[in-house]
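Data first, discussion second: the structure below is written as C-alpha cells.
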Amino acid sequence: MNGNGEGGAVGAEKINTDIVTLTRFLTEEQAKHKDASCRLLCHALQFSFKLIAYYIRRASLINLTGLAGSTNTTGDDQKKLDVIGNDLFIAAMKSSGIVRVLVSGEEEDVMDLMSTHRPATQSPATPSMEAAT
3 MNGNGEGGAV GAEKINTDIV TLTRFLTEEQ AKHKDASCRL LCHALQFSFK
53 LIAYYIRRAS LINLTGLAGS TNTTGDDQKK LDVIGNDLFI AAMKSSGIVR
103 VLVSGEEEDV MDLMSTHRPA TQSPATPSME AAT
C-alpha cells in the first residue's frame with residue numbers, strides 16, 4: 003500500500019482504500035474550526051438519512067408501501083414512507099438539540115422544537131437554525 007491509501011496487485015487497477023466518511027470529514031474539519039457548531043446537526047441529518055434509507059430498502063417486506071390514509075399540507079395523499087420519513091427526520095432534528103424551528107410539507111404548522119426538547123448543554127444564546135424536509 004502506498005502513502006495515498008491505494009493498494010492492489012501489480013498491474014491491477016488502483017483502489018483507493020483511504021475512504022473519507024461523513025463522520026471522519028466532520029471530525030477532521032471540526033479540528034480545523036474550533037468554533038464551528040454544525041457538527042451535531044450534520045450527525046443528526048446523517049442518522050435520519052440512514053434510518054430513512056433503511057426503511058425504504060425494506061418497505062415491501064414490512065408493508066410500508068402504499069398510502070397512509072392521510073393528506074399533507076398541499077392536499078396530496080401521504081404515502082406510508084412519507085409519514086415515517088417525516089417522523090424520523092423530526093425526531094433526529096429534535097434530538098440534535100440545536101434546531102429551533104422545523105418546516106415540513108407534511109405538517110400544517112411550523113414546529114417549535116425548542117419548546118419540547120432542550121438538552122442540558124443547550125444554551126439559549128445559540129443561534130437559531132432552520133431545517134426543511
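For the sequence shown, position 73 matches number 75 in the working numbering, and the numbering has no gaps at all.
For each residue, glycine too, the CB sits at the ideal point set by N, CA and C.
Predicted, not measured: the structure shown is a model, and the values here were computed from it.
>> Measuring only the C-alpha atoms, how far is residue 108 from residue 21?
In response: 36 Å
> Of the residues 83, 47, 71, 76, which one's Cα is nearest the Cα of residue 63?
Replying inline: 83
> Ordered along the chain, which non-local residues of its own chain (more than five positions away) have a Cβ less than 7 Å from that of residue 46?
Replying inline: 94, 95, 97, 98
> Roughly how many angstroms separate the alpha carbons of residue 2 and residue 49, rounded to a whole number?
Replying inline: Residue 2 is absent from the model: the chain starts at 3 and stops at 135.
> Would DSSP call residue 37 helix, strand or coil?
Replying inline: coil
> Does the distance from the CB of residue 81 to the CB of residue 69 come in under 8 Å?
Replying inline: yes
> How would you label residue 2, buried or exposed, when you count the other beta carbons within 10 angstroms and need 16 or more for buried?
Replying inline: This structure cannot settle anything about residue 2, because the visible part of the chain is limited to 3 through 135.
>> Quick check: the Cα distance between residue 38 and residue 103, rounded to an integer number of angstroms?
In response: 20 Å
>> Rounded to the nearest angstrom, what separates residue 127 and residue 112 at their Cα positions?
In response: With a pLDDT of only 38 at residue 127, under the threshold of 50, the placement of this residue in the model should not be trusted, and no figure is reported.
>> Looking at the secondary structure, which residues open and close the beta strand (DSSP E) in which residue 72 lies?
In response: 69-73
> Between the Cα of residue 43 and the Cα atoms of 110, 28, 18, which residue gives the shortest distance?
Replying inline: 28
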